[in-house]
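In the numbering used here, the protein residues as written are 5 to 404. Structure first, commentary second.
Written as structure tokens, this is what we have:
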């Protein structure tokens with residue numbers, strides 16, 4: 005088993021969304037059908053994004069803030085991060101190659117990865133279904149208007165949207181709503197796929213640190229073999245062999261640790277922009293979701309859909325922050341269990357190797373380049389507070 009095989013849900017979403025991000029260390033040729041499918045999805049998404057931007061600029065300010073901003077924020081995030089990740093494919097493949105090298109033929113490490121993935125798979129599936137379902141229903145709410153009138157305007161769409169001149173007939177309106185459902189859901193699925201892909205890489209790196217912590221402690225749990233009194237040559241050879249085997253195990257683990265530190269450096273180079281984009285995006289995303297909830301006073305069903313979508317978004321964002329927090333904590337705790345063992349009874353070479361591990365343990369795996377912009381559990385609450393403050397600012401700036 006390798007990077008590709010350990011998370012089938014990641015593969016499914018990546019295929020459905022046509023993200024075409026690397027799943028192996030080698031560059032593979034895509035089938036012609038999948039290339040055509042990917043091009044169609046890109047055309048739909050770009051057309052949807054342009055039509056929504058024009059729509060936001062066309063309708064009233066309150067309508068744009070209430071119904072168009074969340075969609076626009078997500079679309080911008082997806083376009084920016086997809087272009088960025090595709091430009092970093094070589095770095096991604098190099099990262100996957102190093103991860104595969106460590107995972108292959110290591111059953112203990114694979115079991116640790118599977119154990120870390122299982123608790124998160126169900127909440128992520130709930131988030132996917134709840135978010136995509138609520139978005140599709142929310143976009144389709146204006147279809148009720150087809151029984152009341154025959155001419156429609158841009159403001160009749162749930163998401164501000166421009167495909168033709170207004171007023172336009174019933175068939176154009178229905179076609180526009182269907183296109184919005186397809187474009188909106190695919191944009192959201194792409195975001196979900198990209199987030200899960202990112203979380204998966206972070207979890208694999210976290211598992212490396214936890215594996216090293218366990219193995220280092222296991223080595224120093226073993227009692228050092230010493231010679232007291234007179235022993236024959238066979239006994240001396242056995243003691244020497246056991247001590248040499250412990251030193252050899254320590255060498256292998258330190259090499260493993262060196263590779264993990266290299267992976268951490270590559271991961272920071274890869275994801276530092278993702279962290280910044282997610283931070284800013286989620287401030288505005290939850291701000292505008294709050295604004296939508298406050299302004300959705302006419303329809304109870306609309307409020308329920310906004311709440312459902314917001315709960316899904318909170319679950320996803322919390323899991324992302326939790327994964328990054330786990331990575332940060334695990335990278336600082338590789339040598340924590342060793343200090344409770346009798347490391348001081350072992351030979352000097354083992355003690356020197358342990359000193360190197362403790363020194364390297366100070367190199368925390370922090371994905372952000374900024375002290376103020378990060379995605380940890382403390383940042384989770386900070387972002388929600390900032391979103392609330394920005395929402396209040398928008399509400400106060402509304403004309404009476």
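All C-beta atoms, glycine included, are put in the ideal place defined by N, C-alpha and C.
Terminal residues of the alpha helix (DSSP H) in which residue i lies
| i | result |
| --- | --- |
| residue 57 | 36-62 |
| residue 81 | 73-91 |
| residue 377 | Looking at the DSSP string, residue 377 is not in any alpha helix (DSSP H), and its letter there is neither H nor E. |
| residue 130 | 111-144 |
| residue 313 | 304-335 |
| residue 385 | 381-400 |
| residue 21 | 12-21 |
Alpha carbon of residue i to alpha carbon of residue j, nearest angstrom
| i | j | result |
| --- | --- | --- |
| residue 11 | residue 61 | 41 Å |
| residue 335 | residue 399 | 42 Å |
| residue 64 | residue 26 | 42 Å |
| residue 465 | residue 155 | In this structure the chain extends from 5 to 404, so residue 465 is not present and cannot be described. |
| residue 91 | residue 151 | 48 Å |
| residue 115 | residue 331 | 18 Å |
| residue 131 | residue 318 | 9 Å |
| residue 393 | residue 383 | 15 Å |
| residue 386 | residue 36 | 46 Å |
| residue 112 | residue 390 | 42 Å |
| residue 190 | residue 402 | 32 Å |
| residue 269 | residue 53 | 34 Å |
| residue 379 | residue 322 | 9 Å |
| residue 97 | residue 105 | 12 Å |
| residue 122 | residue 251 | 35 Å |
| residue 119 | residue 125 | 11 Å |
| residue 211 | residue 101 | 16 Å |
| residue 128 | residue 195 | 13 Å |
| residue 213 | residue 283 | 25 Å |
| residue 50 | residue 249 | 59 Å |
| residue 377 | residue 87 | 22 Å |
| residue 204 | residue 168 | 42 Å |
Cut-off 7 Å between Cβ atoms - residues of its own chain near residue i, not counting five sequence neighbours on either side
| i | result |
| --- | --- |
| residue 141 | 309 |
| residue 395 | 291, 294 and 295 |
| residue 136 | 189, 192 and 193 |
| residue 172 | 156 |
| residue 68 | 60 and 164 |
| residue 235 | With a pLDDT of only 46 at residue 235, under 50, the local geometry of the prediction cannot be trusted, and the value read off the model is given with reservation. Cβ neighbours of residue 235 beyond the five flanking positions: none. |
Cβ-based neighbour list, residue i, same chain, cut-off 6 Å, excluding 5 preceding and 5 following
| i | result |
| --- | --- |
| residue 58 | 166 |
| residue 307 | 300 |
| residue 361 | 339 |
| residue 292 | 73 and 74 |
| residue 312 | 134 and 138 |
| residue 421 | Since the first residue of the chain shown is 5 and the last is 404, residue 421 is not available in this structure. |
Residue i classed as buried or exposed, judged by whether at least 16 other C-beta atoms fall within 10 angstroms
| i | result |
| --- | --- |
| residue 231 | Because residue 231 carries a pLDDT of 40, less than 50, the predicted location of this residue cannot be relied on, and the following value inherits that uncertainty. By the 10 Å Cβ count, residue 231 comes out exposed. |
| residue 188 | buried |
| residue 303 | exposed |
| residue 365 | buried |
| residue 220 | buried |
| residue 179 | exposed |
| residue 314 | buried |
| residue 40 | exposed |
CB-CB length for residue i against residue j, believed under 8 Å
| i | j | result |
| --- | --- | --- |
| residue 369 | residue 208 | At roughly 12 Å, the Cβ-Cβ gap does not stay under 8 Å, so residue 369 and residue 208 are not in contact. |
| residue 397 | residue 290 | Not really, about 14 Å apart at Cβ, beyond 8 Å. |
| residue 372 | residue 276 | 6 Å |
| residue 162 | residue 71 | 6 Å |
| residue 148 | residue 184 | Not quite, the Cβ-Cβ distance comes to about 15 Å (not below 8 Å), so this is no contact. |
| residue 110 | residue 202 | Not quite, the Cβ-Cβ distance comes to about 23 Å (not below 8 Å), so this is no contact. |
| residue 83 | residue 281 | Going by Cβ atoms, the distance from residue 83 to residue 281 rounds to 11 Å, so no, they are not a contact pair. |
| residue 176 | residue 146 | Rounded, the Cβ-Cβ distance is 13 Å, inconsistent with contact. |
8 Å CB neighbourhood of residue i in its chain, flanking five on each side removed
| i | result |
| --- | --- |
| residue 199 | 320 and 324 |
| residue 77 | 285, 288, 289 and 292 |
| residue 8 | 15, 27 and 28 |
| residue 217 | 334, 337, 338, 339, 340 and 341 |
| residue 298 | 395 and 399 |
| residue 107 | 5, 6, 7, 10, 113, 114, 117 and 208 |
Below-7 Å beta-carbon distance, residue i vs any chain C residue
| i | result |
| --- | --- |
| residue 78 | Included in the structure is just one protein chain, with no chain C present. |
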